[in-house]
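Protein chains in written order, with our numbering: chain A, 886 to 1085; chain B, 886 to 1085. C-beta atoms are modelled at their ideal positions from N, C-alpha and C, and glycine is treated no differently. Here's the structure we're looking at; comments come further down.
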DNA sequence: GTCTATAATTAGATAGAC
DNA sequence: GTCTATCTAATTATAGAC
């Protein structure tokens, strides 16, 4: 009974952690749906079931909230690592399937949030660019030793961005409703060809 | 000297046409850069060098301005028609090259505006979806007579959306700086394979 | 930590003079 | 057609009680 707000020793999780988490979840959902400017901290607070002032208490200001929402330090590294552990063989299908399964799972994928958002001109797009470069392009290019490794990896970025936008942002048919297996087979082959196929 | 504001017979172009055009140009640029909610009509008016009230005079409200900015009736039909006139042979390269040349020309492409915008949930994305369905998917699928025609056309949508987003929205390297010829060759082959290649 | 004000700013939209 | 002035509503952000 003396543990619920004791400052030094957390009785549960310092008692504000779950509120903070709910705010983050709500922020990811709304930023993804309505973009940065289209999302109000009031709406986030309402969605999270807390007071608007709490959001500022936790994250300082709206930009801080956004930064926390799209921060993906140690977000999906387990799945991503598994993609590259198998080497080049069959990597096309693995990368497509991983992307699909992660985004279908409706864990708010930073990819979708960043694609639909953008505070000013630079902030968000730079973030997304760096994320793609670091997490995808860099690791893919490292597996190749051809002189056009960067371009081949870039072609894969086109495939993955296109898939994400077509299926989750624009929701164009029949891509939006296609099964994970179908897309994995078809786009996986394309990705594989971009990486290991003969240059045309 | 009696012609500058005569209502029935336009002496020049009813004298407000160029203002309207400047507003539209400014709107396209700002909507593309900052999205719908991130763009204020005041900013559009300032960019266009007119008074904010003029924007409402011309377009009624902000949504009307947006609708006019992304309206692409008879926008680029000449170029698009040329893609399909040549039949299936080499259509991959033609569609990629046409897209690149049109968007590089920095004519505010509705594709870029719509990709970065989205008033609420539905309005814009529905518009973009319908545009893609009508202008690309439909015409591509019509050229094919395989049972998976729709899926093949959908795969092309993934390629084109991915290219547009990677090169013009996120500007990820080396796609953003690659030459039109390089991209046309590489992605054209992929698109061609998606359409006429053997199903894997 | 959580909530109740409330300050300060800004946005969309309108009325009306010229 | 174009501009000035203004109204209304919503938003970010803060101060402070509990």
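Measuring only the C-alpha atoms, how far is residue i from residue j?
i, j, result
"residue 1022 of chain B", "residue 1015 of chain B", "10 Å"
"residue 909 of chain B", "residue 949 of chain B", "11 Å"
"residue 968 of chain A", "residue 1074 of chain A", "15 Å"
"residue 890 of chain B", "residue 901 of chain B", "At residue 890 of chain B, the pLDDT of 44 sits below 50, so the modelled position is not reliable; the number obtained from the coordinates is stated separately. Distance between the alpha carbons of residue 890 of chain B and residue 901 of chain B is about 10 Å."
"residue 1089 of chain B", "residue 955 of chain A", "Given that chain B is displayed from residue 886 to residue 1085, the structure contains no residue 1089 of chain B and the question cannot be resolved."
"residue 935 of chain B", "residue 904 of chain B", "7 Å"
"residue 893 of chain A", "residue 1061 of chain B", "Confidence at residue 893 of chain A is low in this model, with a pLDDT of 46, below 50, so its placement is unreliable and no value can be given for it."
"residue 888 of chain B", "residue 938 of chain B", "Only weak support is given to the placement of residue 888 of chain B: the predicted model assigns it a pLDDT of 43, under 50, and the question is left unresolved by the model."
"residue 986 of chain A", "residue 1066 of chain A", "10 Å"
"residue 1030 of chain B", "residue 946 of chain B", "45 Å"
"residue 941 of chain B", "residue 1002 of chain B", "20 Å"
"residue 972 of chain B", "residue 916 of chain A", "43 Å"
"residue 926 of chain B", "residue 1078 of chain B", "45 Å"
"residue 1070 of chain B", "residue 997 of chain B", "23 Å"
"residue 963 of chain A", "residue 1025 of chain A", "16 Å"
"residue 999 of chain B", "residue 994 of chain A", "21 Å"
"residue 1055 of chain B", "residue 1011 of chain A", "8 Å"
"residue 929 of chain A", "residue 975 of chain B", "49 Å"
"residue 965 of chain A", "residue 1050 of chain A", "20 Å"
"residue 1013 of chain B", "residue 981 of chain B", "18 Å"
"residue 1046 of chain A", "residue 933 of chain B", "33 Å"
"residue 906 of chain A", "residue 918 of chain A", "19 Å"
"residue 989 of chain A", "residue 983 of chain A", "10 Å"
"residue 1082 of chain A", "residue 913 of chain B", "40 Å"
"residue 1037 of chain A", "residue 1017 of chain B", "26 Å"
"residue 1035 of chain B", "residue 1059 of chain A", "7 Å"
"residue 1019 of chain A", "residue 931 of chain A", "35 Å"
"residue 1080 of chain B", "residue 943 of chain A", "51 Å"
"residue 1052 of chain A", "residue 1064 of chain A", "11 Å"
"residue 1043 of chain A", "residue 1068 of chain A", "15 Å"
"residue 1028 of chain B", "residue 970 of chain B", "10 Å"
"residue 1008 of chain B", "residue 977 of chain A", "35 Å"
"residue 1039 of chain A", "residue 1032 of chain B", "31 Å"
"residue 911 of chain B", "residue 922 of chain A", "19 Å"
"residue 1041 of chain A", "residue 1076 of chain A", "6 Å"
"residue 920 of chain B", "residue 924 of chain A", "12 Å"
"residue 951 of chain B", "residue 1057 of chain B", "27 Å"
Which of helix, strand or coil does DSSP assign to residue i?
i, result
"residue 1090 of chain B", "Since the displayed chain B opens at 886 and closes at 1085, residue 1090 of chain B lies outside it and no answer follows."
"residue 919 of chain B", "helix"
"residue 1061 of chain B", "coil"
"residue 904 of chain B", "helix"
"residue 1022 of chain B", "helix"
"residue 1082 of chain B", "coil"
"residue 1048 of chain A", "helix"
"residue 963 of chain A", "helix"
"residue 1042 of chain A", "helix"
"residue 974 of chain B", "coil"
"residue 1029 of chain B", "coil"
"residue 1073 of chain B", "helix"
"residue 878 of chain B", "This structure gives no information on residue 878 of chain B, because the portion of chain B shown stretches from 886 to 1085."
"residue 924 of chain A", "coil"
"residue 1055 of chain A", "coil"
"residue 1066 of chain B", "helix"
"residue 949 of chain A", "helix"
"residue 910 of chain A", "helix"
Quick check: does the Cβ of residue i come within less than 8 Å of any heavy atom belonging to the ligand ATP?
i, result
"residue 1049 of chain B", "Absent from the structure shown: the ligand ATP. Ligands present: none."
### Task
Give, in chain order, every residue of the stretch 923-957 of chain A whose Cβ lies closer than 9 Å to some Cβ of chain B.
923 and 924
- Chain-ordered residues of the stretch 1028-1050 of chain A with a beta carbon less than 8 Å from chain B: 1035, 1036, 1039, 1040, 1042, 1043, 1044, 1045, 1046, 1047, 1048 and 1050
Using Cβ-Cβ distances below 8 Å, what residues of the stretch 1058-1082 of chain A are close to chain B? 1058, 1059, 1060, 1063, 1067, 1070, 1071, 1072, 1074, 1075, 1078 and 1079
Next on the checklist: What are the residues in the stretch 899-920 of chain A lying within 9 Å of chain B by C-beta distance?
Outcome noted: 918, 919 and 920
Contact residues within the stretch 1006-1026 of chain B, judged by C-beta distance below 8 Å to chain A:
1006, 1010, 1013, 1014, 1017, 1018 and 1022
>> Against chain B, which members of the stretch 970-982 of chain A pass a CB distance test of less than 9 Å?
In response: none
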